[in-house]
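Colleague: Numbering (my numbering), first residue to last: 4 to 225.
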Amino acid sequence: MKDQPVIILNYKTYVESTGAKGRVLTRMAHEAMKEKGVRIIVCPQTPDLYLQKDSGIEVFAQHVDPIEPGSHTGHVLPLALVEAGVSGSLINHSEDRMPADKIKKCVELCRQHKLTTVVCAESIEKVKEVAAFKPDYIAIEPPELIGSGIPVSKADPDIVKNSVRAVQAIDPSIIVLCGAGISKGEDVRAALELGTAGVLLASGVVKAKDPKKAILDLMSLI
Ligand code: G3P
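(1) What span of residues does the beta strand (DSSP E) with Thr-29 cover, start to end?
(2) Within the structure, which residues are defined as neighbours of ligand 1 by a Cβ-heavy atom distance below 5 angstroms, reported in chain order?
(3) Could you tell me whether the Cβ atoms of Ser-156 and Val-167 are closer together than 8 angstroms?
(4) Determine which residues share a DSSP beta bridge with Ile-10 and list them.
(5) Can you tell me which of the three DSSP states Ser-186 falls into?
(6) Where does the unbroken alpha helix (DSSP H) through Val-130 begin, and where does it stop?
(7) Tell me, to the nearest whole angstrom, how far the beta carbon of Glu-144 is from that of Gly-182; I am working on the premise that it is less than 8 angstroms.
(8) Using a threshold of 8 angstroms, state whether the C-beta atoms of Ser-92 and Cys-113 are closer than that.
(9) Contact between the region 53-69 and the region 12-25: three or more CB pairs below 8 angstroms?
(10) Excluding the 5 residues flanking His-96 on each side, which residues of the same chain have their C-beta closer than 6 angstroms to its C-beta?
(11) State the CB to CB distance for the pair Ala-32 and Leu-12, rounded to an integer number of angstroms; the pair is presumed to be in contact (CB under 8 angstroms).
(12) For a test of the three-state rule: what should DSSP assign to Gly-91, helix, strand or coil?
(13) Of the choices Gly-59, Lys-131, Ile-43, Lys-117, whose alpha-carbon is the least far from that of Leu-84?
(14) Rounded to a whole number of angstroms, what is the C-alpha to C-alpha distance between Lys-215 and Pro-47?
(15) In whole angstroms, what is the alpha-carbon distance linking Lys-107 and Thr-49?
(16) I believe Val-209 touches Lys-15 by the beta-carbon criterion, under 8 angstroms. Please report the beta-carbon distance rounded to the nearest angstrom.
(17) Which one or two residues does DSSP pair with Cys-123 in a beta bridge?
(18) With DSSP run on the structure shown, which of helix, strand or coil describes Ile-225?
(19) Can you check whether the CB of Val-191 is closer than 8 angstroms to the CB of Val-179?
(20) In the DSSP assignment, what are the bridge partners of Leu-195?
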């Protein structure tokens with residue numbers, strides 16, 4: 004399951020993916036998954052996670068904190084994600100960076116709670132650094148391409164290829180994804196051909212006129 008092609012859809016904090024609208028988006032993702040048989044995971048905002056419970060689709064958080072139960076007002080406890088029916092989390096997204104020691108602790112705590120970890124990295128150096136923490140996935144995302152509509156898998160194939168190579172040399176059980184500017188089936192195809200197991204994306208679906216059509220297109224060449 005871990006190395007099968009996957010599309011991870013980050014809802015970020017767009018109006019189009021908040022609250023009830025996010026539920027509609029998740030329903031579309033679920034339908035597309037059933038139609039095409041392609042694995043898709045959605046990442047709603049933390050307050051919306053309970054709304055997505057029992058949606059029939061895998062749900063990951065956008066963020067988790069490296070904390071144990073106790074007095075940590077405003078933080079996201081790994082155990083609380085489990086209770087909310089969430090099965091994994093993004094960590095260190097470009098819009099929500101964390102120092103390395105906190106990334107490491109998040110990965111360890113998530114592992115204890117059987118939460119899948121997707122650690123984001125902006126460079127090959129960062130990919131190598133976080134690979135040492137042994138997350139389930141590493142997503143290489145050059146920040147300058149995020150939200151640009153220019154797909155990393157076509158605009159910067161070397162960073163994707165070199166990330167895959169670097170991770171394989173450190174721990175071949177870690178799966179590499181890529182993200183930034185992905186919006187079409189051919190972008191996903193290119194990502195797979197570069198040795199990743201899929202993509203992490205947001206605006207290409209969330210801001211699309213017809214999000215269901217956009218998801219089906221993403222799945223079309225897998
Ligand atoms: O987490 C996904 C991401 O940062 C890429 O965003 O809008 O370029 O698909 P986008």
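Glycine included, every Cβ here is placed at the ideal spot set by N, Cα and C.
Modeller: On the basis of the coordinates in this document:
(1) As a first step, residue 29 is located in the sequence shown; it is residue number 26 there, counting from the start. Residue range 23-39 is occupied by the alpha helix (DSSP H) that includes Thr-29, with no beta strand (DSSP E) assigned at that position.
(2) For ligand 1, residues qualifying as neighbours are Asn-13, Ile-149, Gly-150, Gly-182, Ala-183, Gly-184, Leu-203, Leu-204, Ala-205, Ser-206, where qualification means a beta carbon closer than 5 angstroms to at least one of its heavy atoms (chain order).
(3) Locating residue 156 in the sequence shown gives position 153, counting from the first residue. Locating residue 167 in the sequence shown gives position 164, counting from the first residue. In this structure, Val-167 does not lie closer than 8 angstroms to Ser-156 by Cβ.
(4) Here the question's residue 10 lines up with position 7 in the sequence shown. Partner(s): Ile-43, Val-202.
(5) For this step, residue 186 is matched to residue 183 along the sequence shown. If DSSP states are grouped into helix, strand and coil, Ser-186 belongs with coil.
(6) For the purposes of this step, residue 130 is taken as residue 127 along the sequence shown, with counting starting at 1. Segment 127-134, the alpha helix (DSSP H) holding Val-130.
(7) The sequence position of residue 144 within the sequence shown is 141, counting from 1. The sequence position of residue 182 within the sequence shown is 179, counting from 1. Their Cβ separation, rounded to whole angstroms, is 4 angstroms, which keeps Glu-144 and Gly-182 in contact under 8 angstroms.
(8) The residue you call residue 92 lines up with position 89 of the sequence shown. The residue you call residue 113 lines up with position 110 of the sequence shown. Cβ distance < 8 angstroms, so Ser-92 and Cys-113 count as in contact.
(9) Cβ pair count under 8 angstroms is three or more, so yes.
(10) Your numbering for residue 96 matches position 93 in the sequence shown. Cβ within range, chain order: Cys-123.
(11) Along the sequence shown, one-based indexing puts residue 32 at 29. Along the sequence shown, one-based indexing puts residue 12 at 9. In this structure, Ala-32 and Leu-12 form a Cβ contact; the two beta carbons are roughly 6 angstroms apart against a cut-off of 8 angstroms.
(12) The count along the sequence shown starts at 1 and reaches residue 91 at position 88. DSSP places Gly-91 in the strand class (E or B) of the three-state scheme.
(13) Within the sequence shown, numbered from 1, the residue matching residue 84 stands at position 81. Among Gly-59, Lys-131, Ile-43, Lys-117, the Cα nearest to that of Leu-84 belongs to Lys-117.
(14) Within the sequence shown, the letter at position 212 stands for residue 215. Within the sequence shown, the letter at position 44 stands for residue 47. If I take the Cα positions, the gap works out to 17 angstroms.
(15) The residue you call residue 107 lines up with position 104 of the sequence shown. The residue you call residue 49 lines up with position 46 of the sequence shown. The alpha-carbon atoms of Lys-107 and Thr-49 are separated by roughly 21 angstroms.
(16) If you number the sequence shown from 1, residue 209 lands on position 206. If you number the sequence shown from 1, residue 15 lands on position 12. Lys-15 and Val-209 do touch by the CB rule: their CB atoms are close to 7 angstroms apart, below 8 angstroms.
(17) By one-based count along the sequence shown, residue 123 stands at place 120. Secondary-structure assignment with DSSP links Cys-123 through a beta bridge to Ala-142.
(18) Residue numbering aside, residue 225 sits at position 222 when the sequence shown is read from its first letter. Of the three classes helix, strand and coil, the one that applies to Ile-225 here is coil, per DSSP.
(19) Numbered from 1 along the sequence shown, position 176 holds the residue referred to as residue 179. Numbered from 1 along the sequence shown, position 188 holds the residue referred to as residue 191. No, these two residues do not count as a Cβ contact at 8 angstroms.
(20) On the sequence shown, residue 195 is found 192 positions in, with the first residue counted as 1. Note: Leu-195 sits in no beta bridge, so no partner.
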